[in-house]
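In this note's numbering, the protein residues as written are 25 to 300.
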């Protein structure tokens, strides 16, 4: 699925919810923990329960890679189960020199046919370029994240030699400007944490038309209202708000899927109001 098809789904479903499948064996309902196919059964039940209330699914690859070969098989089976009407994201945060990046791109765009993959830009253009060379695929580049450590680098300020004034520019803004010049609005998105919603107004002056993937709403405390206020663009929406634990772990009993559906529906309903 490309971004134009994603936009069509956002208009059709009147929401921009991405459900994060950060599936942890220790957190799924106990009646599934000791089943040989418990993780797959959990993921499929969550997908069935939430697919009418979201437009995207994000698989955090770390939760699967940590399980070895079996985890990769679970990830592959989960990806294949997601309907073609939904935008699929590999949250892998890859970033390495060009020839290695090309293999990562092949992994998540060909071997595992995701629509998008998260990419770390620290090593520069040649580490991102291979992800941009695929038709109808999207590189989602880290810009401003919601974790505490974001202050270590992303929010450091410096005087840019390209600016004659003495205005100090945060590093993440420079990243947005630079990376945006490497691709276009059809093959690039940016990650902006929901707990940084106050910065979205500024971010939109730098990348006014790019999609933003926004994690951090729900358990991490980000405000959907604030993210929508500052991040939405019309008529395309321009946002994918990811919610993981607050949806998939909303219930821990045998009715977990039904409870997850109610949680996803609540986000869907709220988003519908912001899109009007």
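Where is the CB? At the ideal position from N, CA and C, for every residue including glycine.
DSSP state of residue i mapped onto helix, strand, coil
| i | result |
| --- | --- |
| residue 151 | helix |
| residue 103 | helix |
| residue 77 | coil |
| residue 62 | helix |
| residue 112 | strand |
| residue 83 | strand |
| residue 49 | coil |
| residue 37 | helix |
| residue 260 | coil |
| residue 67 | helix |
Whole-angstrom distance between residue j and residue i, CA atom to CA atom
| i | j | result |
| --- | --- | --- |
| residue 49 | residue 69 | 15 Å |
| residue 47 | residue 179 | 30 Å |
| residue 203 | residue 54 | 44 Å |
| residue 177 | residue 163 | 21 Å |
| residue 294 | residue 250 | 12 Å |
| residue 146 | residue 210 | 22 Å |
| residue 232 | residue 205 | 13 Å |
| residue 192 | residue 181 | 5 Å |
| residue 107 | residue 223 | 34 Å |
| residue 165 | residue 279 | 36 Å |
| residue 252 | residue 143 | 24 Å |
| residue 307 | residue 123 | It is not possible to answer for residue 307, since the shown part of the chain is limited to 25 through 300. |
Run of the alpha helix (DSSP H) containing residue i, from where it starts to where it stops
| i | result |
| --- | --- |
| residue 295 | 280-299 |
| residue 251 | 248-255 |
| residue 56 | 54-57 |
| residue 91 | Counting along the chain, residue 91 falls outside any alpha helix (DSSP H), and DSSP gives it neither H nor E. |
| residue 271 | 269-272 |
| residue 220 | First-last for residue 220: undefined, no H or E at that position. |
Own chain partners of residue i with C-beta closer than 6 Å, once the 5 adjacent residues on each side are dropped
| i | result |
| --- | --- |
| residue 246 | 218, 219, 240 |
| residue 141 | 114, 116, 132 |
| residue 236 | 214, 216, 255, 263 |
Own chain residues within Cβ distance below 8 Å of residue i, not counting five before or after
| i | result |
| --- | --- |
| residue 170 | 217, 218, 219, 220, 239, 240, 244, 246 |
| residue 201 | 230 |
| residue 126 | 154 |
Terminal residues of the beta strand (DSSP E) in which residue i lies
| i | result |
| --- | --- |
| residue 41 | 41-44 |
| residue 236 | 235-238 |
| residue 213 | 212-216 |
Proximal residues to residue i (C-beta, below 7 Å), its chain only, five neighbours per side dropped
| i | result |
| --- | --- |
| residue 75 | 107, 110 |
| residue 1 | Look at the range of the chain in this structure, 25 to 300, and you will see that residue 1 is not part of it. |
I'd like the ranges of any alpha helix (DSSP H) spanning at least 4 consecutive residues and lying wholly in the stretch 119-207. 122-130, 149-156, 174-177, 195-204
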